[in-house]
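Chains as they are written, first to last, in this note's numbering: chain V, 235 to 301; chain R, 202 to 413.
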């Protein structure tokens with residue numbers, strides 16, 4: 235292989251390697267930054283009235299003076 | 202009263218989760234507004250939740266009843282008591298058990314294939330929900346019901362109509378004089394919120410571990 239060709243291959247190889255490293259870095263940064271990739275927890279505060287033995291709010295307060 | 206206590210605990214759980222960069226948190230409500238069960242489940246679907254925790258406070262005509270309970274979706278036929286509770290919950294909200302069930306899972310033109318796919322997702326979600334309940338119980342820093350009744354399966358609407366691991370936590374009984382008093386204190390609310398946070402963390406860590 236002529237010398238000029240092997241040097242071109244080396245340059246190309248180095249450029250591709252550089253680009254791949256940058257891509258991996260960008261991917262890591264976006265994984266860290268974007269919250270949509272985080273574990274999403276849905277917290278649902280219940281809204282009384284239908285649990286066991288539940289009573290409607292006004293009577294409830296009379297029956298449970300400690301609340 | 203229940204709505205205020207559950208909202209206070211839920212807000213604290215959300216705050217603790219927000220401090221951890223691995224979590225993104227969505228609340229189904231952040232004020233004293235009433236949402237239907239369907240709206241709650243739809244919000245979880247819309248926000249692509251990975252985990253669903255419904256927080257409630259319990260009550261009973263038996264004033265001696267106390268302790269926390271954890272419910273996840275049932276695979277086996279529920280016992281008569283949990284079935285009664287779930288039916289009453291649905292009746293209160295004007296739902297019919299199966300008609301209003303939300304469909305989830307990949308869409309497929311063939312109804313049989315679609316139902317098989319949904320079944321696979323549901324079964325996986327039930328297994329993970331059981332694991333989530335165990336993690337929550339292990340980290341619980343409050344009174345628990347007797348061992349046999351701490352974790353139960355029930356077809357409650359919100360935990361049966363979401364594809365992600367889900368659990369319904371009953372923090373304790375408002376009708377128990379001592380526990381009811383405790384539940385309305387902010388120190389105890391924080392303690393329970395921290396327990397829920399630690400349970401979620403433990404579950405997430407177990408999920409991240411590669412299978413043996």
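Every residue, glycine too, gets a C-beta built ideally from N, C-alpha and C. Remember, predicted model here, so these are calculated numbers, not experimental data.
Can you find the residues in the same chain that come closer than 8 angstroms, C-beta to C-beta, to residue i, ignoring five residues on each side of it along the sequence?
| i | result |
| --- | --- |
| residue 210/R | 256, 372, 390, 393, 394, 397 |
| residue 248/R | 227 |
| residue 217/R | 394, 395, 398 |
| residue 233/R | 204, 205, 208 |
Could you have a look at residue i and say whether DSSP puts it in helix, strand or coil?
| i | result |
| --- | --- |
| residue 207/R | helix |
| residue 362/R | coil |
| residue 297/R | Reliability of the predicted coordinates at residue 297/R is poor, the pLDDT of 47 falling under 50, and the value obtained from them is presented with this limitation in mind. Three-state result, residue 297/R: coil. |
| residue 343/R | coil |
| residue 379/R | helix |
| residue 257/V | helix |
| residue 225/R | strand |
| residue 242/R | helix |
| residue 272/R | strand |
| residue 263/R | coil |
| residue 277/V | strand |
| residue 309/R | coil |
| residue 230/R | coil |
| residue 235/R | coil |
| residue 300/V | coil |
| residue 262/V | helix |
| residue 247/V | helix |
| residue 272/V | coil |
Starting from residue i, trace the beta strand (DSSP E) both ways and give me its first and last residue.
| i | result |
| --- | --- |
| residue 258/R | 252-259 |
| residue 353/R | 352-354 |
Once you ignore the five residues that flank residue i on each side, which residues in its own chain have a CB closer than 6 angstroms to its CB?
| i | result |
| --- | --- |
| residue 359/R | 238, 241, 242, 255 |
| residue 333/R | 366, 368, 404 |
| residue 376/R | 260, 261, 264 |
| residue 245/R | 253, 363 |
List the residues of chain V whose Cβ lies closer than 9 angstroms to the Cβ of residue i, in chain order.
| i | result |
| --- | --- |
| residue 400/R | None at all; the shortest Cβ gap to chain V is about 11 angstroms. |
| residue 207/R | 278, 279, 280, 281, 282 |
| residue 332/R | Ordered by position in chain V, no residue passes the 9 angstroms Cβ test against residue 332/R, which lies about 15 angstroms from the chain. |
So residue i and residue j are in contact, right, with Cβ under 8 angstroms, and what is the actual spacing, rounded?
| i | j | result |
| --- | --- | --- |
| residue 381/R | residue 301/V | 6 angstroms |
| residue 327/R | residue 404/R | Rounded, the Cβ-Cβ distance is 14 angstroms, inconsistent with contact. |
| residue 158/R | residue 204/R | An answer regarding residue 158/R cannot be provided, because it is not within the stretch 202 to 413 covered by chain R. |
| residue 351/R | residue 253/R | That belief does not hold up - the Cβ atoms of residue 351/R and residue 253/R are roughly 19 angstroms apart, past 8 angstroms. |
| residue 355/R | residue 275/R | 6 angstroms |
| residue 274/V | residue 250/R | 5 angstroms |
| residue 182/R | residue 345/R | Residue 182/R is absent from the model: chain R starts at 202 and stops at 413. |
| residue 277/V | residue 215/R | 5 angstroms |
| residue 280/V | residue 207/R | 5 angstroms |
| residue 258/R | residue 402/R | That belief does not hold up - the Cβ atoms of residue 258/R and residue 402/R are roughly 23 angstroms apart, past 8 angstroms. |
| residue 311/R | residue 272/V | With 8 angstroms as the limit, residue 311/R and residue 272/V do not qualify as a contact, their Cβ atoms being about 35 angstroms apart. |
Could you spell out the range, first to last residue, of the alpha helix (DSSP H) harbouring residue i?
| i | result |
| --- | --- |
| residue 374/R | That residue, residue 374/R, is in no alpha helix (DSSP H); its beta strand (DSSP E) goes 367-374. |
| residue 404/R | 387-409 |
Within its chain, find whatever has a CB closer than 7 angstroms to the CB of residue i; leave out the 5 residues flanking it on each side and keep chain order.
| i | result |
| --- | --- |
| residue 219/R | 226 |
| residue 236/R | 229, 230 |
| residue 269/V | Annotation note: pLDDT 49 at residue 269/V (below 50); position unreliable, no value reported. |
For residue i, which residues in chain V fall below 8 angstroms Cβ to Cβ?
| i | result |
| --- | --- |
| residue 378/R | 300 |
| residue 204/R | 279, 280, 281, 282 |
| residue 265/R | Those do not exist, as residue 265/R stays about 12 angstroms from chain V at its closest Cβ, beyond 8 angstroms. |
| residue 359/R | 278 |
What residues of chain R sit near residue i, judged by a beta carbon separation below 8 angstroms?
| i | result |
| --- | --- |
| residue 273/V | 223, 224, 225, 251, 252, 405 |
| residue 277/V | 211, 214, 215, 218, 226, 227, 228, 229, 254, 256 |
Can you pull the chain A neighbours of residue i, defined as C-beta to C-beta under 9 angstroms?
| i | result |
| --- | --- |
| residue 323/R | Of the chains in the structure shown, none is chain A; the protein chains are V and R. |
Would you mind telling me which residues of chain V sit closer than 7 angstroms to residue i, beta carbon to beta carbon, in chain order?
| i | result |
| --- | --- |
| residue 248/R | 274, 276 |
| residue 381/R | 298, 300, 301 |
| residue 385/R | 301 |
| residue 269/R | Within chain V, no residue comes near residue 269/R; the closest Cβ sits about 13 angstroms away, beyond 7 angstroms. |
| residue 235/R | 281 |
| residue 337/R | Residues of chain V passing the Cβ test: none, with the nearest at roughly 13 angstroms. |
The ligand SAM and residue i: does the residue's C-beta get closer than 7 angstroms to at least one heavy atom of that ligand?
| i | result |
| --- | --- |
| residue 273/V | Among the ligands in the structure shown, none appear at all, so the ligand SAM cannot be discussed. |
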